[in-house]
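In the order they appear, the protein sequences are chains A and B.
Going by my numbering, 93 is the number at position 92 of the first sequence; the sequence numbering is gapless.
Going by my numbering, 42 is the number at position 41 of the second sequence; the sequence numbering is gapless.
Just so you know, even glycine gets a beta-carbon here, dropped at the ideal spot from N, CA and C.
Computed from a predicted model, the values in this text were never measured in an experiment.
Protein chains: 2
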Amino acid sequence: MAGRGARDLEEGFAFAPRFSADGLIVCVAVDAKSGEVLMLAHMNAEALDKTLATGVMHYWSRSRQKLWRKGGTSGQIQTVVELRVDCDQDALLARVSVGGDGGACHTGRRSCFYRRIESADGGARLTPVEGM
Amino acid sequence: MAGRGARDLEEGFAFAPRFSADGLIVCVAVDAKSGEVLMLAHMNAEALDKTLATGVMHYWSRSRQKLWRKGGTSGQIQTVVELRVDCDQDALLARVSVGGDGGACHTGRRSCFYRRIESADGGARLTPVEGM
Chain A
2 MAGRGARDLE
12 EGFAFAPRFS
22 ADGLIVCVAV
32 DAKSGEVLML
42 AHMNAEALDK
52 TLATGVMHYW
62 SRSRQKLWRK
72 GGTSGQIQTV
82 VELRVDCDQD
92 ALLARVSVGG
102 DGGACHTGRR
112 SCFYRRIESA
122 DGGARLTPVE
132 GM
Chain B
2 MAGRGARDLE
12 EGFAFAPRFS
22 ADGLIVCVAV
32 DAKSGEVLML
42 AHMNAEALDK
52 TLATGVMHYW
62 SRSRQKLWRK
72 GGTSGQIQTV
82 VELRVDCDQD
92 ALLARVSVGG
102 DGGACHTGRR
112 SCFYRRIESA
122 DGGARLTPVE
132 GM
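Following this line, the structure appears as structure tokens:
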């Protein structure tokens with residue numbers, strides 16, 4: 002992008018989220034206290050609206066194709082501490098406070114990123130991240 | 002997802018990245034030292050392969066539709082400290098060490114997430130994040 006439109010998008014103060022062709026915008030959620038990256042998920046316009054209106058994270062579940070109020074069943078409610086948008090307004094960063102047991106992953110772990118990718122024999126393998 | 006396939010994907014040690022229909026996987030890059038979220042971008046299979054092979058972050062630029070070795074022109078090379086995959090293997094987390102001036106955003110800022118979204122009059126406005 003270049004020119005006036007890009008400049009407004011990047012330096013202006015109008016919130017103009019750019020959803021992809023499938024109507025979604027990606028959002029990374031981090032623990033507001035520790036800064037740890039918890040998860041990465043998508044929002045459609047409704048999920049974003051509900052998040053802004055309620056202060057509680059809502060996502061769009063691509064696998065279940067439905068609006069998803071995070072923690073609705075698990076208790077791992079994510080309360081918004083701060084929501085940010087990136088330079089070209091096609092990604093969001095949510096700093097959240099997590100309810101329930103403080104975890105974010107449906108596998109029971111604190112974060113969804115519990116495995117490290119390591120190169121091996123021309124391919125790649127996963128190994129567990131310590132302490133997760 | 003459920004059953005054996007999901008279990009292998011989530012608990013196994015085979016790296017099986019799940020690219021979306023457009024051949025991309027999303028990746029969040031954080032500063033390995035400070036933990037700060039720097040940017041969010043996409044990789045296609047080639048970008049991921051090159052990242053694993055070289056230890057330097059490569060992305061797929063959706064706007065320019067080309068492979069993008071981050072920092073190639075700016076000097077803001079991102080050296081991989083650790084690469085992780087999430088539970089269902091459709092998102093990556095890169096902990097990186099940044100070259101050049103240490104920044105990641107093409108606007109000159111350290112992070113692409115330099116504006117906060119705030120609710121206002123039934124809509125939303127952006128305000129600058131302090132110190133960025």
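Residues near residue i in its chain [Cβ-Cβ closer than 7 Å; skip 5 each side]
i        : result
B/Pro129 : Tyr115 and Arg116
A/Ala17  : Leu10 and Gln90
B/Ser120 : none
Spatial neighbours of residue i in its chain, beta-carbon cut-off 6 Å, leaving aside the 5 residues before and after
i       : result
B/Thr52 : Met58 and His59
A/Trp69 : Tyr60 and Ser62
A/Met40 : Ala30, Ala105 and Cys113
A/Val27 : His43 and Ala92
B/Arg85 : Leu94
A/Glu83 : Arg96
Beta carbon proximity, residue i to chain A, threshold 8 Å
i        : result
B/Gly101 : no
B/Leu10  : no
B/Met58  : no
B/Ala48  : no
B/Val130 : yes
B/Arg116 : yes
B/Ser120 : yes
B/Leu53  : yes
B/Leu68  : no
Residue i and residue j closer than 8 Å at C-beta
i       : j        : result
B/Val97 : B/Ala15  : no
A/Thr80 : A/Gly100 : yes
A/Leu10 : A/Asp89  : yes
B/Phe20 : B/Ala46  : yes
Close-in-space but distant-in-sequence residues of the same chain around residue i (CB under 8 Å, 5 per side omitted)
i        : result
A/Lys67  : Trp61
B/Glu37  : Val31, Arg111 and Ser112
A/Ala7   : Asp89
A/Gly109 : none
B/Ile118 : Ala125, Arg126 and Leu127
A/Glu12  : none
A/Asp102 : Gly76 and Gln77
Within-8 Å CB hit, residue i to chain B
i        : result
A/Asp87  : yes
A/Val38  : yes
A/Thr80  : no
A/Thr108 : yes
A/Ala125 : yes
A/Ala92  : yes
Residues of the stretch 12–30 of chain A whose Cβ lies closer than 8 Å to any Cβ of chain B, in chain order: Glu12, Gly13, Phe14, Ala15, Phe16, Val27 and Val29
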